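Numbering (the working numbering), first residue to last: 723 to 947.
Heads up, the beta-carbon is just placed ideally off N, CA and C, and yes, glycines get one too.
Predicted model, so just to flag it, every value in this text is computed and none were measured.
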Ligand code: ADP
Ligand code: MG
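Given below as structure tokens:
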């Protein structure tokens, strides 16, 4: 599903140029659950944002479903992203002014799903994430664990092929964190590919493969049973 070869990313400021990703190569097969680990600042989020077509690269190639997307313009990237990828972030990233229901409905509005179909899809996913009883609440009225369940609902409402999660349990206590990991595992078992950045060895062991990074490079890949 994902094939990255010799990927490079540079950040330039007036005086200096920093190579944040230095010839990264790896593959993620459809249905895999991959964890990405490494110290702060080693490039994990940058890598995830490139895979998620939120950012572009400066060198190397990036194939998404056998299509070379490294040269795609923003319009094409955005179309591919909306159709195929769901994001979950450490900070939940919900819109405070919208209810739980409205937050989860938003991706369906962006992809022009008909109003009649939207209700069914939102309710189905709210049930699945066990947050239906909070549908009319606003994010600030929910616990962190509940907010992250809403964020996972929003990420999957469009039935993406790929979920990208950047430290999804980073702001949660261990019980809520385990619930979120359980949800990601269930989604993966139902066929969704998952790539997750984490600082937690415990969370990483929910995956099939751990990629360890240091200073913009992959240092090891561990296959788990
Ligand atoms: P991680 O997620 O592993 O903590 P990041 O991918 O966020 O690391 O960042 C990797 C490096 O790139 C860091 O040194 C960071 O300061 C730098 N960086 C990230 N985003 C930008 C940006 N927009 N402009 C300049 N430097 C950036
Ligand atoms: Mg990060």
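(request) Thinking residue 828 and residue 876 are a contact (beta carbons under 8 Å), I'd like their distance in whole angstroms, please. (result) 7 Å
(request) Compare the beta carbon distance of residue 872 and residue 853 with 8 Å and say whether it is the shorter of the two. (result) yes
(request) Could you pull out every residue in the same chain whose Cβ sits closer than 8 Å to the Cβ of residue 814, ignoring the five residues on either side in sequence? (result) Cβ neighbours of residue 814 beyond the five flanking positions: 861, 866, 869, 870, 872, 873, 893.
(message) Can you tell me where the alpha helix (DSSP H) holding residue 823 begins and where it ends?
(response) Where residue 823 is concerned, the enclosing alpha helix (DSSP H) stretches over 822 to 832.
(message) Which residue wins for smallest C-alpha separation from residue 830, given the options 821, 921, 840, 822?
(response) 840
(request) Tell me where the beta strand (DSSP E) around residue 938 begins and ends. (result) Counting along the chain, residue 938 falls outside any beta strand (DSSP E), and DSSP gives it neither H nor E.
(request) Could you give the DSSP three-state label for residue 813: helix, strand or coil? (result) coil
(request) Pick helix, strand or coil for residue 883, following the three-state DSSP scheme. (result) Coil at residue 883, not helix or strand.
(request) Using the beta-carbon of each residue, find all residues closer than 5 Å to any heavy atom of the ligand ADP and list them in chain order. (result) 733, 742, 762, 763, 764, 765, 766, 767, 768
(request) Could you check the C-alpha separation between residue 824 and residue 738 for me, to the nearest Å? (result) 43 Å
(message) In whole angstroms, give me the CA-to-CA distance for residue 923 and residue 838.
(response) 43 Å
(request) With a floor of 4 residues, list each alpha helix (DSSP H) that falls wholly inside the region 853 to 913, ordered by position along the chain. (result) DSSP runs (the alpha helix (DSSP H)) wholly in the region 853 to 913: 866 to 878, 896 to 911.
(request) Determine, using beta-carbon pairs with one atom in the region 888 to 908 and one in the region 934 to 946, whether at least three such pairs fall under 8 Å. (result) no
(message) Check this for me: beta carbons of residue 754 and residue 915, under 8 Å apart or not?
(response) yes
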